[in-house]
Every structure is written in C-alpha cells, then in structure tokens.
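Protein chains in written order, with this note's numbering: chain A, 5 to 252; chain B, 5 to 252.
Don't be surprised by glycine CBs; every beta carbon is placed ideally from N, CA and C.
A short write-up of the structure that comes next.
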C-alpha cells in the first residue's frame, strides 16, 4: 500500500508486501475492482492458518508437482491476482514443465488482458525464458459456462489434460472437471467450491505454493492415491485448533 | 462492483450490495486503498459466521445499546468503511442517543476527511436530522498513539466516557481503553486485538449491527455483567462447528 511503508522487521512484513504487489498491479490496470476484496478474503484465511504452509498443504503441493510432471499436456491457468503475486515463479514453473501459461480472468476486458499479457511477456524476456503465453486470442469455449468466462484457447486450457488453477472461480473449476481434466487448485479457503471440487487442492497462499513448486518439480515426485477431502479437513482442523478454547 | 450486476435473487445479494457500497465510496474518494482489502477480510469472517447475526452477537448488540443509552457522554467513532456501509443507520443511532459522530480514520488525508464529512452532512440534512459531525478540526490527541492516528476532538472522542468503534484498529482500541473509556467494538474477527480488548465486542457485520441498534436503543435495555471472552469464544465455536468434520 502506498499508505504503509513496510519495514522488514514488522511482524506482518510478508503480508504487507503481498498487499503492495496486488495494489501495484491494480495501479497498472491488471486487476478487476474485486481483486482487492478477493485478496482481503485470502488474507483472513491465511491469518487463520497462521500464515504458514501447513503439513497437509505441503503434501498437496508435492502431489500437484507430481501430477504436473506426469501430465501429457499441462497448462497453468493464471488470473490477475496470481500474476500480481507470483508471475516470476509461475514463469519458472512453466519453463520447468515446458508448458504454456494461459491468462484466464473472470472479468475479461481488452485493457486488463493487454496489461497482464504485457507484464508476463516482459518478465518472460527479462528472465531469459521462452514460455508460451496464451489467452490473448481465445478460439474455444469451456462447455457449461456462459459469456466471456467460457473463453479459452484451443491449444491451452481446452486441450490440456491437467490444469493448475490458482485462485479459480468455483463455476469454472466445476466446468473444467466436467471436461474430464485433472484440476489442481490453490485456494486459501478450504470450504470453497474450487477447493472441494478440484482433483487436488492446496490450502495455502499462492506465493508460498509457487515457490514450493519451483523446488519440488525438479525432484519429480511420485503420484499418490490422493484423498482431497482428508487434506481439506486437515486444513480446517488446523484452523479449528487455533480457535478452540481460545478464551477459556 | 461495476463488474457485477446484482440480482436480488442471487444467494449472495446482500454481500454483493455491501461490496458495491464500499466500491462506490472508494470512487467518491472516501476510502483508503486498504479499505477494499479490509472489506474482503470482513467478508471471509462473515462467510464463516454464515452471514448471520448469531445469538451471542445479538446479546452483545443489546449490551452495546444498554451501555450507549446509560452513558453520560457517548460518541460514535466512525471510519471510512463504517460510513460507506451504514452511514444512515449511524446517523439514526446518534440522533436517538443525542450524541455526536466523530469521523476518525486511520489514514487521514484532508481529501478523504472532506469527502466523508460532506457525505455525512448531506445525509444528515436529507434525513432531516441534526446530528453533530465532529472530526474535521482535531484539537486533542489520544495519549500513547503517534502521528495523525492520535488526532481527535476534545468534545468528541477525547471527553467521551463511552465510544462505539466499528472496525477499529487494535492500537487505537487499546489506547482508548487505557484512557479509561468504555469501548464498544464491532468486529467480524473474534480473534482481533480490538475484539479482545474492547469492553463489549459484537462479532457481526457492521450493517446488521447498526440496524439492530436502531431497533434496540429505544427499548432501553439494562446493562448486565458482561463477559466479553465468553461471547468471543461463542463466535469461535460457531465457526468451529461449521468446520469440524466437514469432510468426514
């Protein structure tokens, strides 16, 4: 925030820096008006997780890494907040996997798409990477969704067998599952429809997950018989533990 | 939000309308950049409370009404979000109590103060009320706080025996308690420092609380021997109940 001069010794320094990233991206026209509210919701859930990667979230991240590595045609579907917070890490992940990134935003406007494409492409060049950035020219539709929310690209989301969707809308997550894809979700709310619908859901902050994926993907972990409900309940239990008998 | 055309049949209509109020106030220059993030945090906690006034929150609201009615010199201390969401209700409450409203914002700028003062004064006139609106000309300081956050008005917050603080910062809440005042807090996060420090904390959404206060104040309820910790634990227990064994 322009209003808060972040001091690295501040106990909430990381959280304030993430706010600043979202705020800066907003100023660049990369975000919908609702992005700040969505970020605030995330902050509340992260606060309840004590702003850390809990064990079950790390296990879920490893499972996501395993499935991305094994996928025939993976794609990273990124929205504005994911790009604002962890564009660099997602470009590294796409490069490690040799897969495209598709920008897929909920409130699509040409201006916002342009700002996001320009931001990713510039960073791609600066990092000396060669990641394909899709989303600018949608030529396919996700069945079951109406309006611009269905827009996607044939060689990206439409044909992918495995999709990483950080901070995805519940409707779209369900529609992707209905297409028969593996949907790997990053969502701080363990009760959200996306978290409950996804094949694997990581209940953790998107920047921390992306950093962990960069470390885990080269290790090529093995796929397991993943129980998503159990991981979600584990996240809830962590929150419950924080709240139970707090004042007694 | 300009992006979402709210439909009254939408299950989250109330929530979307509150967003719109905050968004509109932002467009009028009434809010700090962090206001949308703060609203999002609130949304997350309200979601965990199932977007309803739970029994312990209603009891706390009644206690707040009782203490405001009995106070010798009450004042309503309002920030930008409280004014964005429930200006009308707070003007009615101040009129019922015959007390002033003091605008007290965390990130004070002359522009923002001007926009908030103008908004409240116009509404005051439109509602044919005669509520005194303070905050524009601070002439006293809250001891123990630094910078513009300490600014207040002698005949408002400084001399008040009882202060209603919706959505208050933790530091300021503690400083007001240290001044020996009764501090009546409205905060959706039962773990926040304000909720834990306040004399009475209502864990509920500010619009719902304000509407309930308008109903309760004319009933002149009696003060009780209020146990704030118990009410906070009750709110946590409600959230815990939502989360426990959700997936088992």
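Spatial neighbours of residue i in its chain, beta-carbon cut-off 8 Å, leaving aside the 5 residues before and after
i, result
"residue 239 of chain B", "53, 58, 60, 61, 194, 207"
Same chain, Cβ closer than 6 Å to residue i, five either side skipped, listed in chain order
i, result
"residue 237 of chain A", "none"
"residue 158 of chain B", "143, 144"
"residue 176 of chain A", "none"
"residue 216 of chain B", "65"
"residue 112 of chain B", "152"
"residue 168 of chain B", "80, 188"
"residue 99 of chain B", "133, 135"
Residues bridged to residue i (per DSSP)
i, result
"residue 104 of chain B", "Its beta-bridge partners do not exist; DSSP assigns none."
"residue 166 of chain A", "A/78, A/186"
"residue 90 of chain B", "Its beta-bridge partners do not exist; DSSP assigns none."
"residue 138 of chain A", "A/106"
"residue 73 of chain B", "Answer is none; residue 73 of chain B lacks a bridge partner."
"residue 145 of chain B", "B/155"
"residue 204 of chain A", "A/188"
Environment of residue i [buried if 16+ CB atoms lie within 10 Å]
i, result
"residue 51 of chain A", "buried"
"residue 233 of chain B", "exposed"
"residue 97 of chain A", "buried"
"residue 84 of chain A", "buried"
"residue 229 of chain B", "exposed"
"residue 132 of chain B", "exposed"
"residue 141 of chain A", "exposed"
"residue 185 of chain B", "buried"
"residue 81 of chain B", "buried"
"residue 198 of chain B", "buried"
"residue 14 of chain B", "exposed"
"residue 134 of chain B", "exposed"
"residue 126 of chain A", "exposed"
"residue 128 of chain A", "buried"
"residue 241 of chain A", "buried"
"residue 179 of chain B", "buried"
"residue 172 of chain A", "buried"
"residue 118 of chain B", "exposed"
"residue 1 of chain B", "Chain B is shown only over 5 to 252; residue 1 of chain B falls outside these bounds and no answer can be derived."
Cβ shell of residue i (< 7 Å), same chain only, five flanking positions each side left out
i, result
"residue 8 of chain A", "Because the pLDDT at residue 8 of chain A is just 49, under 50, the model does not fix this residue reliably, and the value given afterwards should be weighed accordingly. Correct list, in chain order: 20."
"residue 88 of chain A", "25, 26, 29, 34, 35"
"residue 245 of chain B", "none"
"residue 181 of chain A", "187, 201"
"residue 91 of chain A", "123, 124, 127"
Where residue i meets chain A, residues with beta-carbon distance less than 9 Å
i, result
"residue 115 of chain B", "The premise fails here: residue 115 of chain B is roughly 13 Å from chain A at the closest Cβ pair, so nothing lies under 9 Å."
"residue 195 of chain B", "51, 52, 246, 247, 250"
Interface partners of residue i on chain B, CB under 8 Å
i, result
"residue 107 of chain A", "Correct list: empty, because the minimum Cβ distance to chain B is about 17 Å."
"residue 23 of chain A", "38, 41"
"residue 237 of chain A", "249, 250, 251, 252"
"residue 240 of chain A", "247, 248, 250, 251"
Per-residue contacts from residue i into chain A (C-beta, under 7 Å)
i, result
"residue 233 of chain B", "251"
"residue 190 of chain B", "Simply none; closest approach about 16 Å."
"residue 243 of chain B", "247"
Residues that residue i contacts on chain B, provided the C-beta gap is smaller than 9 Å
i, result
"residue 168 of chain A", "Here the premise fails: no neighbours, minimum Cβ distance about 22 Å."
Contacts of residue i in chain A (Cβ-Cβ under 8 Å)
i, result
"residue 49 of chain B", "48"
heavy atom of the ligand ZN below 7 Å from residue i C-beta
i, result
"residue 78 of chain A", "With respect to small molecules bound, the structure shown includes none, and the ligand ZN cannot be examined in it."
**Prompt:** Between the region 25-47 of chain A and chain B, which residues of the former have a C-beta closer than 7 Å to a C-beta of the latter?
**Reply:** From the region 25-47 of chain A, only 27, 36, 37, 38, 40, 41, 42, 43, 44, 45, 47 have a Cβ closer than 7 Å to chain B.
**Prompt:** What residues in the region 62-86 of chain A have a beta carbon less than 8 Å from any beta carbon of chain B?
**Reply:** Taken residue by residue, none of the region 62-86 of chain A has a beta-carbon sitting less than 8 Å from a beta-carbon on chain B.
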